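Some notes on the structure that comes next.
Number of protein chains: 2
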Amino acid sequence: MDIKKYFIKRTTITNKALKVFIKALQDVPPILQKSMLYSLSAGGKRLRPVLLTATYEIFGGKKEDVLPAACSIEMIHTYSLIHDDLPSLDNDDLRRGKPTNHKVFGEALAVLAGDALLTNAFTVLGHNAETGKIKEKNVLDCVRILAKYAGAGGMVGGQAADLGAEGFLQGKKLSLRSNKKLFNAANDLLNYIHLHKTAGLISASVEMGAVLASASPKDFKHLSNYARSIGLAFQIVDDVLDVIGDKKKLGKKGSDARNKKLTYVSLFGIEESNSHAARLIAEAHDELDKVSGSVKAKTVLHEIADFIVKRDK
Amino acid sequence: MDIKKYFIKRTTITNKALKVFIKALQDVPPILQKSMLYSLSAGGKRLRPVLLTATYEIFGGKKEDVLPAACSIEMIHTYSLIHDDLPSLDNDDLRRGKPTNHKVFGEALAVLAGDALLTNAFTVLGHNAETGKIKEKNVLDCVRILAKYAGAGGMVGGQAADLGAEGFLQGKKLSLRSNKKLFNAANDLLNYIHLHKTAGLISASVEMGAVLASASPKDFKHLSNYARSIGLAFQIVDDVLDVIGDKKKLGKKGSDARNKKLTYVSLFGIEESNSHAARLIAEAHDELDKVSGSVKAKTVLHEIADFIVKRDK
Chain R
0 MDIKKYFIKR TTITNKALKV FIKALQDVPP ILQKSMLYSL SAGGKRLRPV LLTATYEIFG
60 GKKEDVLPAA CSIEMIHTYS LIHDDLPSLD NDDLRRGKPT NHKVFGEALA VLAGDALLTN
120 AFTVLGHNAE TGKIKEKNVL DCVRILAKYA GAGGMVGGQA ADLGAEGFLQ GKKLSLRSNK
180 KLFNAANDLL NYIHLHKTAG LISASVEMGA VLASASPKDF KHLSNYARSI GLAFQIVDDV
240 LDVIGDKKKL GKKGSDARNK KLTYVSLFGI EESNSHAARL IAEAHDELDK VSGSVKAKTV
300 LHEIADFIVK RDK
Chain V
0 MDIKKYFIKR TTITNKALKV FIKALQDVPP ILQKSMLYSL SAGGKRLRPV LLTATYEIFG
60 GKKEDVLPAA CSIEMIHTYS LIHDDLPSLD NDDLRRGKPT NHKVFGEALA VLAGDALLTN
120 AFTVLGHNAE TGKIKEKNVL DCVRILAKYA GAGGMVGGQA ADLGAEGFLQ GKKLSLRSNK
180 KLFNAANDLL NYIHLHKTAG LISASVEMGA VLASASPKDF KHLSNYARSI GLAFQIVDDV
240 LDVIGDKKKL GKKGSDARNK KLTYVSLFGI EESNSHAARL IAEAHDELDK VSGSVKAKTV
300 LHEIADFIVK RDK
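Just so you know, the sequences run in chain order R and V. With numbering that gives the first Met the number 0 applied, the first sequence corresponds to residues 0 to 312, in that order. With numbering that gives the first Met the number 0 applied, the second sequence corresponds to residues 0 to 312, in that order.
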């Protein structure tokens, strides 16, 4: 299969659904709706919705049954980018080649647009109980999963740890490899950040897809392991691309080095980062093989794992 | 009954539960947990949890059954205060007599602590399905209600409209009473702001209490009307207190006048504001009388309605 074509096709469906869900929210001030749609429409691969629908489809369901849940994760992802770009956090002017939300709408409205996307992600997720295909219990479980991976012990926790890691390497770079205690502390912190900041929502996507399909506990576990591995690999590749990637393709300046951030590359170098990502993807394939269902049904998730290390943006 | 004593008793229970729920979140960076607890522990009447539990109790349930839902609303309320105080929004240094979150933890962590409280409010709400007393369907309905009243078409929408209203009166004050069109526009905008920014979460509290108790559609409607009336009255009294209140009691400077905000007082004056609040409270009592159940069971909600116009902070 051509995974790039698959992504383009799925992205179109997700984009359309996202617009419908946002416009269905009643009583929203026009400027706030505009700001929400601006960041939601800024492009991107829609990796998380694709992972959720593809996981659900392994078990025989149709993607249309779980579009609300798929869109809810993309709304959470988008809010996190808006807040992450704020002057008080990463202070980024560009995102996917376009001015960031606060550059266009001002800081106050960017904070609120992020808050609204985060809150109404749960409205949209709730719609999934109205498709008639999904049990209410499963939707409520998805609320729990989404809040867990997006909240204080998940993505937001990762962001908070990342703040503390800012400047971690300042003046310590030389002693890092000779000072084992410092290296271990850096490694622990880095693992926490990677696992929570990025891998969290990827885990949520796959776990929600599995729960919506009423997957068995065994299948759920292997899919959850798969997600954790590709999520970590995704962040490692992100760190590498921030250093070596084509700035034009990435649509942003490499801000990690500028901020002296603790990243996989700054700790292990590019070569070891790439091999670690490859090891994680191999693990992901193994986990996927243990999930019940035909090889064909799992093709997309296999292809996505490979795509994550091969992407150039 | 002594409503003040009642509030103190209930506040103690809510405060304890809030701490338990926050500490039960796993894998949270200590500084983030500290920042969340700082704002949650900053005092306040816990009006929203009290409204939720008192509404639930009308129908014979025990408050312990719905403490998770009650705490989830307080978490949403607290996050909104943290973000509202940010330099890019209201830029307030004090809240309830204590330095605001960003003054203590910095702006970046304040944004994240707000995001975490908002997200994990849904984790805590999810716990309400684990008390064994509440149907999963009812908890899922609460997720919908909370997201609706807190999101883009609710509280966040009210905040966004409030941003647009900032400076609305600048240079227009004199012509406001002679220019009918301008006056009507101001009145419409003000109504939107009041109904969404403050009344929304008060509506959510009462409606969630009713849904958790499986109230009949008729009772739900009257309770919802009650909530809307006391919510509007609450914001009007807030506007009045911002002008005439004892700064020490309020624990904050009156920032509305400083920011030339559109408020009930700036539009109608103090006297008409007070009579409108009183009219709304009378309506609230009428609606409450139409709710089934003994007069005694509804005493607390009657007392809260009166308390809202009599409070001095």
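Heads up, the beta-carbon is just placed ideally off N, CA and C, and yes, glycines get one too. Source: prediction; values computed, not measured.
Contact under 8 Å by Cβ, Ile192 of chain V with Gly157 of chain V: A distance below 8 Å separates the beta carbons of Ile192 of chain V and Gly157 of chain V.
Short CB-CB distance (under 8 Å) between Gly208 of chain V and chain R: For Gly208 of chain V, no CB of chain R lies under 8 Å from its own CB, so it is not counted at the interface with that chain.
Any C-beta of chain R under 8 Å from that of Met35 of chain V: Answer yes: the Cβ-Cβ gap between Met35 of chain V and chain R drops below 8 Å somewhere.
Cβ pair Leu266 of chain V, Ala160 of chain V closer than 8 Å: No; because the gap between Cβ atoms is not below 8 Å, this pair is not in contact.
Contact list for Lys147 of chain V against chain R, beta-carbon separation under 7 Å: Counting only Cβ-Cβ distances below 7 Å, Lys147 of chain V has contacts in chain R at Thr122, in chain order.
Same chain only: Cβ atoms within 6 Å of Ser38 of chain R, ignoring 5 sequence neighbours per side: Once the five neighbours on either side are set aside, the close Cβ partners of Ser38 of chain R are Thr77, Ile81 and Asn100.
For Lys15 of chain V, the first and last residue of its enclosing alpha helix (DSSP H): Ile2 to Ala23 is the extent of the alpha helix (DSSP H) around Lys15 of chain V.
Contact set for Met35 of chain R: own chain, Cβ-Cβ below 7 Å, skip 5 residues either direction: Closer than 7 Å at Cβ, skipping near neighbours: Ile21, Ala112, Ala115 and Leu116.
Cα-Cα separation, Ser40 of chain R to Val294 of chain V: Answer to the nearest angstrom: the Cα atoms are 53 Å apart.
The region 44-51 of chain V / the region 5-20 of chain V touching (three or more Cβ pairs under 8 Å): At 8 Å Cβ cutoff, the stretches touch.
Residues of the region 104-135 of chain R whose Cβ lies closer than 7 Å to any Cβ of chain V, in chain order: Taken in chain order, the members of the region 104-135 of chain R whose beta-carbon sits within less than 7 Å of a beta-carbon on chain V are Glu106, Ala107, Leu108, Val110, Leu111, Asp114, Ala115, Leu117, Thr118, Asn119, Phe121, Thr122, Gly125, Ala128 and Glu135.
Members of the region 12-41 of chain R near chain V, C-beta cut-off 9 Å: Within the region 12-41 of chain R, the qualifying residues are Ile21, Leu24, Gln25, Asp26, Val27, Pro28, Ile30, Leu31, Gln32, Ser34 and Met35.
Chain R contact residues for Ser87 of chain V, given Cβ-Cβ distances below 7 Å: One finds Glu106, Ala107 and Val110 in chain R with Cβ atoms closer than 7 Å to the Cβ of Ser87 of chain V, taken in chain order.
Interface partners of Gln234 of chain V on chain R, CB under 9 Å: Correct list: empty, because the minimum Cβ distance to chain R is about 17 Å.
Proximal chain A residues relative to Arg47 of chain V, where beta-carbon distance stays under 7 Å: In the structure shown, chain A does not exist; the protein chains are R and V.
Chain-ordered chain V contacts of His82 of chain R [CB-CB under 7 Å]: The contacting residues are Val110 and Asp114.
Proximity to Tyr5 of chain R [Cα-Cα], best of R:Ala120, R:Ile303 and R:Ile307: Taking each of R:Ala120, R:Ile303 and R:Ile307 in turn and checking the Cα distance to Tyr5 of chain R, the smallest one comes out for R:Ile303.
Contact residues within the region 261-288 of chain V, judged by C-beta distance below 9 Å to chain R: Under the 9 Å Cβ criterion, the region 261-288 of chain V contributes no residue.
Sequence-distant residues of the same chain with beta carbon closer than 7 Å to Met154 of chain R, five excluded per side: Correct list, in chain order: Ser79, Tyr148, His195, Lys196, Gly199 and Leu200.
Identified DSSP bridge partners for Lys97 of chain V: Looking at the DSSP assignment, Lys97 of chain V forms a beta bridge with V:Arg94.
Rounded separation between Ala212 of chain R and Tyr55 of chain R - CA only: Roughly 6 Å between the two C-alpha positions.
Residues that Arg143 of chain R contacts on chain V, provided the C-beta gap is smaller than 7 Å: Within chain V, the residues near Arg143 of chain R are Thr122 and Gly125.
CB contact flag (Ala164 of chain R, Leu240 of chain R, <8 Å): Contact annotation: Ala164 of chain R and Leu240 of chain R have beta-carbon atoms that are not nearer than 8 Å.
Beta-carbon proximity list for Thr130 of chain V, same chain, < 6 Å, skipping 5 on both sides: Excluding positions up to five away in sequence, the list reads Asp64.
Three-state class that DSSP yields for Gly60 of chain V in the structure shown: The answer is coil: DSSP assigns Gly60 of chain V none of H, G, I, E or B.
Neighbour flag for Val155 of chain R against chain V, beta carbons, 8 Å: It does; some Cβ of chain V falls within 8 Å.
Short Cβ contact (8 Å threshold) for Ser223 of chain R with Glu282 of chain R: In this structure, Ser223 of chain R keeps its C-beta atom at 8 Å or more from the C-beta atom of Glu282 of chain R.
Local Cβ density within 10 Å of Val205 of chain R, reported as buried at 16 or more and exposed below that: By the 10 Å Cβ count, Val205 of chain R comes out buried.
Minimum Cβ-Cβ distance from Ala203 of chain V to chain R less than 8 Å: Not closer than 8 Å to any Cβ of chain R, the Cβ of Ala203 of chain V fails to qualify, so no.
Beta strand (DSSP E) runs wholly inside the region 104-140 of chain R, at least 3 long, in chain order: The qualifying runs do not exist here; there are none.
Alpha-carbon to alpha-carbon, Gln32 of chain R and Pro67 of chain R: Roughly 18 Å separates the two Cα atoms.
Proximal residues of chain R, C-beta to C-beta of Leu162 of chain V below 7 Å: Under the 7 Å cutoff, chain R gives Ala107 and Leu108.
Chain R contacts made by the region 46-74 of chain V, where a contact means CB separation under 8 Å: Cβ contacts with chain R: none found.
Local Cβ density within 10 Å of Gly230 of chain R, reported as buried at 16 or more and exposed below that: Under a 10 Å Cβ-count criterion, Gly230 of chain R is classified as buried, with 16 or more other Cβ atoms of the shown protein chains found around its own Cβ.
Asn90 of chain R versus Asp84 of chain R - alpha carbon distance: Taken atom to atom, the span from the alpha-carbon of Asn90 of chain R to that of Asp84 of chain R is near 5 Å.
Within 8 Å, strictly: CB atoms of Val236 of chain V and Ala276 of chain V: Ala276 of chain V sits close to Val236 of chain V, with the two beta carbons spaced by under 8 Å.
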